[in-house]
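Under the working numbering, the residues of the sequence shown are numbered 1236 to 1509, in order.
We treat Cβ as the ideally placed atom computed from N, Cα and C, and that holds for glycine.
See below for the structure under consideration.
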Amino acid sequence: MKKFFKWFFIISSILILSILIGLGFYVSSVYSNAKKLKLNEETLSLQSLKINIYDNDNNLINEDNEIDKNYKSIDNINENTKNAFISTEDKNFYNHKGISYKRIIKAGINNIRYRKLKEGASTITQQLVKNTFLSSEKTFERKIKEIALAQKIENRFTKDQILEKYLNVIYFGNSCYGIENASNYYFSKSAKDLSLEEASLLAGVIKSPSRYSPIKKSENCLKRRNLVLNEMYKDGKISLVDYTKAKNKKISLNINNSVKNKLNSFSQASIDEA
């Protein structure tokens, strides 16, 4: 019996070691190839976005669905707005080099615990890569590519430049891409004029624009906004007085339909469902 367990242990150890070595070669290969990918800087800061819609036979529906993004420089975005996104999406944004190992380990543990890819641990830089270069599919290979490209971006741009590009590409629901478009649509004002509670609302929406829609899911949106405010307070970005005052305010929108992108009805329905 002892001999059996001895050989079982040896064979199991060899198998586990072989799997780990194979996984290491796989990760190294994907990472190496990803580092060779060309980083198109224009893609990171395009002034407009083109959405292509295909029919069920995978044929392109030839219709114009150009979306104006109203690119806004970081100098025209106030501190509360920047801090709202950093506190919610990437607390250590100014301290890491594109990836957060601590968040990756934590997300890995939670994914094993829930037995599914529940968390991605993406930094703001990684989110920028995902939104401009890669798809949103949750695969191991895509995550490795995301990490490699995030490191390339960190080596080429300053933190403020990365944050600027990020704020100008993220989706806020209702065909609003970028902080300026969202601010103009939901509050009829420029991003530089957003109040603390308005900035916190927009920072909360991006996690799931449909689930936290201030128009259709106001109760969810309010809870999410207050969560953002709480994170800002815990990070020392706002005072207790400002936190309490903003938290007790109701959601107040000033919808400006004149700035909403004019998409044809089929395209709009497809995008909303997607």
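| Asked | Found |
| --- | --- |
| Cβ of N1455 within 9 angstroms of Cβ of K1482? | no |
| To the nearest angstrom, report how far apart K1458 and S1443 are at their CA atoms. | 13 angstroms |
| Considering only the alpha carbon of each residue, which of D1507, E1376, I1309 lies closest to K1400? | I1309 |
| Since V1440 and G1408 should fall inside the 8 angstroms C-beta cutoff, what is the C-beta to C-beta distance between them, to a whole number of angstroms? | 6 angstroms |
| Taking the runs of the alpha helix (DSSP H) that are 4 residues or longer, which of them lie wholly in the stretch 1346-1418? | 1359-1367, 1375-1391, 1394-1402 |
| According to DSSP, is Y1468 helix, strand or coil? | helix |
| Assign S1500 to buried or exposed, taking buried as 16 or more other Cβ atoms, counted over all protein chains shown, within 10 Å of its Cβ. | exposed |
| Taking DSSP as the reference, what is the three-state secondary structure of Y1421? | helix |
| Which residue marks the beginning of the alpha helix (DSSP H) containing N1318, and which one marks its end? | 1314-1324 |
| Along the alpha helix (DSSP H) that carries I1506, what are the first and last residues, could you check? | 1500-1508 |
| Determine the closest residue to E1376 out of I1506, L1255, S1264, I1256, with distance taken between C-alpha atoms. | S1264 |
| Do you know offhand how far S1435's Cα is from K1307's? | 18 angstroms |
| Should the stretch 1324-1336 be regarded as contacting the stretch 1474-1490, the criterion being three or more beta carbon pairs within less than 8 angstroms? | no |
| DSSP on L1488, reduced to helix/strand/coil? | coil |
| Are there 16 or more other CB atoms within 10 angstroms of the CB of F1422, so buried, or fewer, so exposed? | buried |
| When the distance is taken between beta carbons, is S1322 closer than 9 angstroms to A1417? | no |
| Rounded to whole angstroms, what is the Cα-Cα separation between S1247 and N1461? | 50 angstroms |
| Compare the beta carbon distance of L1274 and K1378 with 9 angstroms and say whether it is the shorter of the two. | no |
| Give the straight-line distance between the Cα atoms of V1463 and N1313, rounded to the nearest whole angstrom. | 16 angstroms |
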